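J.: Okay, handing you the structure first.
Residue numbers (our numbering): 6 to 529.
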């Protein structure tokens, strides 16, 4: 049977145990919520030990880690409680920087903020790798007044409560925008989201902004807005959306601007240009493209297809500008170009244009020591002469090949010229020069060449009949020249008369004699 003293002792132990359990239950335990951020980390190895939104009244002690020694690091305390940022304090260096390992440093900054009430951010300015400027910042609430919610996208080199712009987002139906919201209380309950949109295809609103009511959700400090094109009755196009948020006490953040693009249709287009060109002829093709709204950005890839199965992408030198292609094709045949077009939402289309490149027949030109042959001619050369039969003057808009046929028994290909070394000594030869291009088109010339036993420059021979005619012509010319150079006297003969004493007989005799002499003289 338990005595009175024993009962009292048992009750005392129970009382002490209850008190101990009660005290233990009242002790604060660290939160293990996965969403709670206890540090502020940057991807380059810099970190604050504190999270955004810490509150303090008299002293601001910041610490952290760095992979750089933070030499010549300055700091600034900036007030963003109002629409215009104001720098309240600044300093030329940190309180301490201590090496703790290879490329590892601990740093601290202790600032006296007595009497300051604000929504502020502390910014560090330091040179990072490659002397690039790095400015990490931390949002803080100092004192007890002038605290407001802050969208972290507000803070930058020129942060104001007006508008800060972030990246552009493209979607075909629904766009989700994430915002990092810091509130003085740390709570994200009872938020009010205000949003306004305007069409801005070229970076400027084309008209007045219109208020919309997007749905949102929050997790930790992240607030996600869901923008459904159909539910908000927004057309395809590029829009600006300005977002601000208010907490349960109706304290409002600054505005953050986002550029969003709704694109629910595939692009369209057509290619125009020549449908028939000659090989080696330069021509252009033009593509007219549209995505259904102003300011759309399209990417395109040209490809060129030949009927022989070859396909290639257009060279950079062939792309004059967006939508214009410059071509100069030397292979004849049927072609089509294909333009692959993609818009920002991922919709794509392929458009084609067919055309034909026509072959140009080569033209043979044969020159023999300056004399151009026209075909069906005979030329004579000496076996030791330095003469050349040259086909390089043949014309085509692409490379041509040469085929020489001698007496239908010998052929020489790929050689543009013939010399005496290509013939078997003196004699008469029938020669044909055939030129052809890569499409098989040809042109030819035939002639006869006589390699004689004497050495003379390259001549065109005349036929025997032509030679006889030439000699007769020269003889006639010579005869008339001699004839025209001989002097002929055509004076009329004169009679010599005596005084009247002469008899008729004597007179007649004298006339006969003188006439004969004069006539003979006239005849020479």
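By construction, the Cβ of each residue, glycine as well, lies at the ideal position given by its N, Cα and C atoms.
From a predicted model like this one, the values you see are computed outputs, not experimental measurements.
Do residue 132 and residue 49 have their C-beta atoms within less than 9 angstroms of each other?
T.: Against a cut-off of 9 angstroms, the Cβ pair of residue 49 and residue 132 comes out as no contact.
J.: Could you check where the alpha helix (DSSP H) with residue 234 kicks off and where it finishes?
T.: First-last of the alpha helix (DSSP H) with residue 234: 234-237.
J.: In the DSSP output, what is residue 352 paired with across the bridge?
T.: None, per the DSSP bridge assignment.
J.: Please confirm whether residue 352 and residue 311 have their CB atoms less than 9 angstroms apart.
T.: For residue 352 and residue 311, no; Cβs fall outside 9 angstroms.
J.: For residue 321, which three-state DSSP category applies?
T.: In the structure shown, residue 321 sits in a helix (DSSP, three-state: H, G or I).
J.: Looking at the structure shown, is residue 136 part of a helix, part of a strand, or coil, going by DSSP?
T.: Helix.
J.: Below 8 angstroms on the Cβ atoms is my guess for residue 179 versus residue 153; work out the distance and round it to an integer in Å.
T.: Rounded, the Cβ-Cβ distance is 30 angstroms, inconsistent with contact.
J.: Assuming residue 116 and residue 65 make a contact with CB atoms under 8 angstroms, what is their CB distance in whole Å?
T.: That belief holds up - the Cβ atoms of residue 116 and residue 65 are roughly 4 angstroms apart, short of 8 angstroms.
J.: Can you name the start and end residues of the beta strand (DSSP E) that residue 418 belongs to?
T.: Where residue 418 is concerned, the enclosing beta strand (DSSP E) stretches over 415-418.
J.: In angstroms with no decimal places, state the Cα-to-Cα distance between residue 427 and residue 410.
T.: Their Cα atoms are separated by approximately 11 angstroms.
J.: By a C-beta neighbour count over all protein chains shown, 10 Å radius and 16 as the cutoff for buried, is residue 137 buried or exposed?
T.: With fewer than 16 Cβ atoms within 10 Å of its Cβ, residue 137 is classed as exposed.
J.: Can you tell which of 88, 202, 83 and 112 has the C-alpha that lies nearest to the C-alpha of residue 126?
T.: Checking every option, the nearest Cα to that of residue 126 belongs to 83.
J.: Can you look up residue 165 in the DSSP assignment and give me helix, strand or coil?
T.: Any reading at residue 165 needs caution, since the residue's pLDDT is 41, under 50, leaving its predicted position unreliable; the model's value is listed next. Looking at residue 165 - three-state DSSP - the assignment turns out to be coil, as it is neither helix nor strand.
J.: What is the DSSP secondary structure of residue 186, reduced to helix, strand or coil?
T.: Strand at residue 186.
J.: In the DSSP assignment, find the beta strand (DSSP E) that holds residue 392 and state where it starts and stops.
T.: Where residue 392 is concerned, there is no enclosing beta strand (DSSP E), given that its DSSP letter is neither H nor E.
J.: For my contact list, residue 222 and residue 201 are in at a C-beta cut-off of 8 angstroms; report their separation, rounded to the angstrom.
T.: The Cβ separation is near 20 angstroms, so there is no contact.
J.: When you compare the segment 268-282 with the segment 180-197, are there three or more beta-carbon pairs, one atom per stretch, that lie closer than 8 angstroms?
T.: Judged by Cβ distances under 8 angstroms, the segment 268-282 makes no contact with the segment 180-197, as fewer than three pairs qualify.
J.: I think residue 174 touches residue 265, with their Cβ atoms under 8 angstroms apart; what is that distance to the nearest whole Å?
T.: That pair is a contact at about 5 angstroms.
J.: In the structure shown, what three-state DSSP assignment does residue 499 receive?
T.: Any reading at residue 499 needs caution, since the residue's pLDDT is 46, under 50, leaving its predicted position unreliable; the model's value is listed next. Looking at residue 499 - three-state DSSP - the assignment turns out to be coil, as it is neither helix nor strand.
J.: Taking its Cβ as the centre, do 16 or more other Cβ atoms sit within 10 Å of residue 398, making it buried, or is it exposed?
T.: With fewer than 16 other Cβ atoms within 10 Å, it is exposed.
J.: Under a three-way DSSP split, which group does residue 159 fall into?
T.: Here residue 159 sits in helix by DSSP.
J.: Determine the contact status of residue 305 and residue 290, defining contact as a CB-CB distance below 9 angstroms.
T.: No.
J.: Decide if residue 287 is buried, meaning its Cβ has at least 16 other Cβ atoms within 10 Å, or exposed.
T.: With fewer than 16 Cβ atoms within 10 Å of its Cβ, residue 287 is classed as exposed.
J.: What span of residues does the beta strand (DSSP E) with residue 104 cover, start to end?
T.: Run containing residue 104: 101-106, per the beta strand (DSSP E) assignment.
J.: In terms of DSSP beta bridges, what is residue 373 paired with?
T.: Per DSSP, 376 and 394.
J.: Check residue 480 in the structure and name its three-state DSSP category.
T.: Here residue 480 sits in helix by DSSP.
J.: Please work out which residues of its chain come closer than 6 angstroms, Cβ to Cβ, to residue 301, disregarding the five sequence neighbours upstream and downstream, and give them in chain order.
T.: If we look at residue 301 and ignore the five residues flanking it on each side, it has no Cβ neighbours.
J.: From the DSSP output, which residues share a beta bridge with residue 61?
T.: Answer by DSSP bridge pairing, in chain order: 147.
J.: Going by DSSP, what residues sit across from residue 305 in a beta bridge?
T.: Looking at the DSSP assignment, residue 305 forms a beta bridge with 346.
J.: Helix, strand or coil for residue 411? Go by DSSP, reduced to three states.
T.: Residue 411 falls in the strand class under three-state DSSP.
J.: Could you tell me which of 130, 444 and 51 sits nearest to residue 365, measuring between CA atoms?
T.: Minimum Cα distance to residue 365 is reached at 444.
J.: Start and end of the beta strand (DSSP E) containing residue 452?
T.: 447-456 is the extent of the beta strand (DSSP E) around residue 452.
J.: Taking 9 angstroms as the cut-off, decide whether the C-beta atoms of residue 329 and residue 403 are in contact.
T.: In this structure, residue 403 does not lie closer than 9 angstroms to residue 329 by Cβ.
J.: When you compare the segment 56-63 with the segment 96-112, are there three or more beta-carbon pairs, one atom per stretch, that lie closer than 8 angstroms?
T.: In short, these stretches do not touch, since the Cβ pair count stays below three.
J.: Does residue 101 have its Cβ less than 9 angstroms from a Cβ in chain C?
T.: Structure shown: chain C not included; a single protein chain is present.
J.: Helix, strand or coil for residue 487? Go by DSSP, reduced to three states.
T.: Residue 487: helix per DSSP, three-state reduction.
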